[in-house]
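K.L.:
Going by the numbering used here, the sequence shown opens with residue 1, and the numbers climb by one from there.
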Amino acid sequence: MNKAELIEHIAEQADISKAAAGRALEALIGGVCSSLKKGNAVTLVGFGTFSVSTRAAREGRNPRTGDAIKIKKARIPKFRPGKALKDHLN
Numbered sequence: 001m002n003k004a005e006l007i008e009h010i011a012e013q014a015d016i017s018k019a020a021a022g023r024a025l026e027a028l029i030g031g032v033c034s035s036l037k038k039g040n041a042v043t044l045v046g047f048g049t050f051s052v053s054t055r056a057a058r059e060g061r062n063p064r065t066g067d068a069i070k071i072k073k074a075r076i077p078k079f080r081p082g083k084a085l086k087d088h089l090n
């Protein structure tokens, strides 16, 4: 499912226009992103938890030349599914 299909699904399920569903989805994504940027976790009970983790700096290899390169530390998003989501899939 892509973003357009998700918007269409939200519009049908909530009986709202596609434009309103698109704005709602953008608001949700924006809220999650801004919260993660501040370092806060976002928990949607039954669905899962979005959080931020820090990946340490490390040394890597350039696959083309084999030379060693330094990779900076980075903040990465993580998602841990909730029990209800896991139960729904199994």
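Ideal placement from N, C-alpha and C gives every residue a C-beta, glycine not left out.
1. Give the secondary structure of alanine 14 by DSSP, where H, G and I count as helix, E and B as strand, and everything else as coil.
2. With H, G and I counted as helix, E and B as strand and the rest as coil, what does DSSP make of glycine 82?
3. Look at the alpha carbon of alanine 14 and the alpha carbon of lysine 72, and state the distance between them as a whole number of angstroms.
4. So is alanine 41 buried or exposed if we call it buried at 16+ other beta carbons inside 10 Å?
5. From the DSSP output, in three-state form, read off arginine 58 for me.
P.N.:
In short:
1. Secondary structure of alanine 14 (DSSP, three-state): helix.
2. Glycine 82 carries a coil assignment under DSSP once its states are collapsed to helix, strand and coil.
3. In a straight line, the C-alpha of alanine 14 is about 44 Å away from that of lysine 72.
4. With fewer than 16 other Cβ atoms within 10 Å, it is exposed.
5. The three-state reading of DSSP puts arginine 58 in strand, counting E and B together.
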